[in-house]
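K.L.:
Numbering (my numbering), first residue to last: 284 to 592.
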Ligand SMILES: Cc1cc2nc3c(=O)[nH]c(=O)nc-3n(C[C@H](O)[C@H](O)[C@H](O)COP(=O)(O)O)c2cc1C
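(1) Taking its Cβ as the centre, do 16 or more other Cβ atoms sit within 10 Å of residue 285, making it buried, or is it exposed?
(2) Reducing DSSP to helix, strand and coil, say where residue 502 ends up.
(3) Less than 7 Å separating the Cβ of residue 343 from some heavy atom of ligand 1?
(4) Can the beta-carbon of residue 354 be found less than 8 Å from the beta-carbon of residue 512?
(5) Tell me the residue span of the alpha helix (DSSP H) that contains residue 415.
(6) Could you tell me whether any non-hydrogen atom of ligand 1 is closer than 7 Å to the CB of residue 401?
(7) Would you kindly report the start and end of the unbroken beta strand (DSSP E) that includes residue 299?
(8) DSSP state of residue 291, grouped into three classes?
(9) In the DSSP assignment, what residue or residues form a beta bridge with residue 429?
(10) Quick check: the Cα distance between residue 569 and residue 500, rounded to an integer number of angstroms?
(11) Buried or exposed for residue 310, please, with buried defined as at least 16 other CB atoms from any protein chain shown within 10 angstroms of its CB.
(12) Which same chain residues, not among the five before or five after residue 601, have their C-beta less than 6 Å away from its C-beta?
(13) Taking 8 Å as the threshold (C-beta atoms), are residue 416 and residue 384 in contact?
(14) Per DSSP, residue 544 is paired with what?
(15) What distance in whole Å lies between the Cβ atoms of residue 545 and residue 312, which are believed to be in contact at a cut-off of 8 Å?
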């Protein structure tokens, strides 16, 4: 591909966000690359590895207790994206911290741990324990607070729509992570996102990740029923990219905090659109589920020296 003349950044070079230097600007999004423990060798930097040139893997969201998730079907492909209601299936914080985080560190996977809770005060103990176990880890960069999951009946949905609650969550996590990156991931399902981003920044987060999925519903015409047993789900993929760009733009223009752009990024060109707005990094979600090498390919394609390949 030919890169635009304004693009001179190598996204596979280190980038400083908050207190950390991460190895690149193209990351994988939470829930779309499991915990980041694939069988591939992280040290292999050719494009045969899904980690090649990747700045971080944001893990599947981890909650205080294990969760088995919502009934099937919980991920349905639509014409221009996908709708899901996974229900935060995960191994729970204790097992994650004891087994998964050390394995990620040992393999050298640049990691951001995604956390969700049902009450703001649960973030404090989760971050404290992560910091205890992760003390001295060099590949664990920080935490992304998932304040926006529209799929979980108790809690998640409301966290992200109230500036006061967003601030409470960030304030609960911050003291335990003095030297780690703290990101607040916001929902797009609000009229204005800037007040939420401002509340998170004032409470001490280092960056905002935007956006999580867009609240949606689809109908199966054969049955006349919603395609998901829980009716609503989170819509993701290429159709939401203009929504994501608008939300990122609102935050960048109104709040002086680094933004990590997410939403419908399928190609290197899509990633460039977020960088053109001023995003510090981007995350690849749904595209990564279809092709686990999607983010690595984008990183390779956006290197200035790849312009003619
Ligand atoms: C199947 C699936 C599972 C997801 N799980 C999570 C999750 O556990 N935590 C989270 O913060 N976001 C989760 N997301 C949202 C993505 O991280 C991302 O914010 C969203 O899908 C928009 O990006 P995309 O259009 O590139 O997929 C999930 C998305 C999908 C499609």
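A virtual CB, placed ideally from N, CA and C, is assigned to each residue, including glycine.
P.N.:
Reading from the atomic positions:
(1) Translated into the one-based positions of the chain shown, residue 285 becomes position 2. Result: exposed.
(2) As a position in the chain shown, residue 502 is number 219, starting the count at 1. Strand.
(3) Here residue 343 corresponds to residue number 60 of the chain shown, with the count starting at 1. Yes, ligand 1 has a heavy atom inside 7 Å of this Cβ.
(4) Your numbering for residue 354 matches position 71 in the chain shown. Your numbering for residue 512 matches position 229 in the chain shown. The answer is yes: Cβ separation under 8 Å.
(5) On the chain shown, position 132 is the one that residue 415 refers to. Unbroken alpha helix (DSSP H) run through residue 415: 406 to 416.
(6) Taking the chain shown and counting its residues from 1, the one referred to as residue 401 is at position 118. Outside the cutoff, so no.
(7) Walking along the chain shown from the start, residue 299 turns up at place 16. That run of the beta strand (DSSP E) goes 298 to 300.
(8) Here residue 291 corresponds to residue number 8 of the chain shown, with the count starting at 1. The answer is coil: DSSP assigns residue 291 none of H, G, I, E or B.
(9) For this step, residue 429 is matched to residue 146 along the chain shown. 468, per the DSSP bridge assignment.
(10) Along the chain shown, read from residue 1 onward, the residue named residue 569 stands at position 286. Along the chain shown, read from residue 1 onward, the residue named residue 500 stands at position 217. Residue 569 and residue 500 have their C-alpha atoms some 17 Å from each other.
(11) Along the chain shown, read from residue 1 onward, the residue named residue 310 stands at position 27. By the neighbour-count rule (16 or more Cβ atoms within 10 Å), residue 310 is buried.
(12) There is simply no residue 601 to check, as the chain begins at 284 and stops at 592 in what is shown.
(13) Along the chain shown, one-based indexing puts residue 384 at 101. Along the chain shown, one-based indexing puts residue 416 at 133. Yes, they are a contact pair.
(14) As a working mapping, residue 544 is identified with position 261 in the chain shown. DSSP output for residue 544 lists 493, 565 as bridge partner(s).
(15) Counted from its first residue, the chain shown places residue 312 at position 29. Counted from its first residue, the chain shown places residue 545 at position 262. Their Cβ separation, rounded to whole angstroms, is 5 Å, which keeps residue 312 and residue 545 in contact under 8 Å.
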